[in-house]
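Position one of the sequence shown corresponds to residue 7 (my numbering), numbered consecutively onward.
Note that the Cβ used here is the ideal one computed from N, Cα and C, for glycine as well.
Here is the structure we will look at, set down as structure tokens.
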Amino acid sequence: MLKEKRANTRLTLETNQLIYESHFETVYRLALYLTRNQEMAEEVTQEAFTIAFEKYHQLRDPAKIAAWIKAITLNTARQHLYKAKKVLPLDKDRIDYIQKGFAKDQVNDAVIQKEREEKLLVRLLLLTLNGNIWFT
Numbered sequence: 007m008l009k010e011k012r013a014n015t016r017l018t019l020e021t022n023q024l025i026y027e028s029h030f031e032t033v034y035r036l037a038l039y040l041t042r043n044q045e046m047a048e049e050v051t052q053e054a055f056t057i058a059f060e061k062y063h064q065l066r067d068p069a070k071i072a073a074w075i076k077a078i079t080l081n082t083a084r085q086h087l088y089k090a091k092k093v094l095p096l097d098k099d100r101i102d103y104i105q106k107g108f109a110k111d112q113v114n115d116a117v118i119q120k121e122r123e124e125k126l127l128v129r130l131l132l133l134t135l136n137g138n139i140w141f142t
């Protein structure tokens with residue numbers, strides 16, 4: 007009986023491995039497409055497979071496993087994006103810089119430059135309001 011139990015455990019591990027190997031690329035690419043962030047896509051992929059393995063018994067039709075795992079990935083990515091949205095909001099100008107395809111360093115430089123410009127404008131406004139600078 008103990009040997010049967012071990013065989014069933016091994017079979018489960020082998021099944022999990024087979025599912026993972028068969029669907030990893032699709033799940034990762036979907037996660038990367040949805041999050042547009044490599045690190046978050048890796049987290050989403052790992053979490054999606056963990057959920058799939060834990061809830062495999064809920065899958066009604068094993069022939070539809072690919073669609074089922076994609077749905078789990080989509081929901082997991084949404085949760086991660088929602089959490090990230092709460093943590094790091096981006097203003098429209100920063101999103102525009104990123105969408106234009108700047109390299110990472112260029113984005114950082116552009117963001118720093120934008121922040122400097124905003125600080126200068128605030129200082130000019132304060133000086134103007136205090137009467138220290140007059141524009142004609």
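Just mark Thr56 as buried or exposed, buried being the case when its beta carbon has 16 or more other beta carbons within 10 Å.
By one-based count along the sequence shown, residue 56 stands at place 50. Answer is exposed; the Cβ neighbour count stays below 16.
Which same chain residues, not among the five before or five after Thr76, have their C-beta less than 8 Å away from its C-beta?
Within the sequence shown, residue 76 is the residue found at index 70, counting from 1. The sequence shown places Lys at residue 76, rather than the Thr named in the question. Cβ neighbours of Lys76 beyond the five flanking positions: Thr32, Val33 and Leu36.
Would a C-beta distance cut-off of 8 Å place Trp74 and Leu65 closer than the cut-off?
To locate residue 74, count along the sequence shown from 1; it is residue 68. To locate residue 65, count along the sequence shown from 1; it is residue 59. Their beta carbons are under 8 Å apart, which means Trp74 touches Leu65 by this criterion.
Could you tell me the distance, in whole angstroms, from the CA atom of Glu10 to the CA atom of Leu38?
Here residue 10 refers to the residue found at position 4 when the sequence shown is read from its first residue. Here residue 38 refers to the residue found at position 32 when the sequence shown is read from its first residue. In this prediction, Glu10 scores a pLDDT of 44, lower than 50, which makes its location untrustworthy; the coordinate-derived value is nonetheless stated afterwards. In a straight line, the C-alpha of Glu10 is about 40 Å away from that of Leu38.
How about His29 and Ala72: do their beta carbons lie closer than 8 Å?
In the sequence shown, counting from the first residue as 1, residue 29 sits at position 23. In the sequence shown, counting from the first residue as 1, residue 72 sits at position 66. Closer than 8 Å, so yes.
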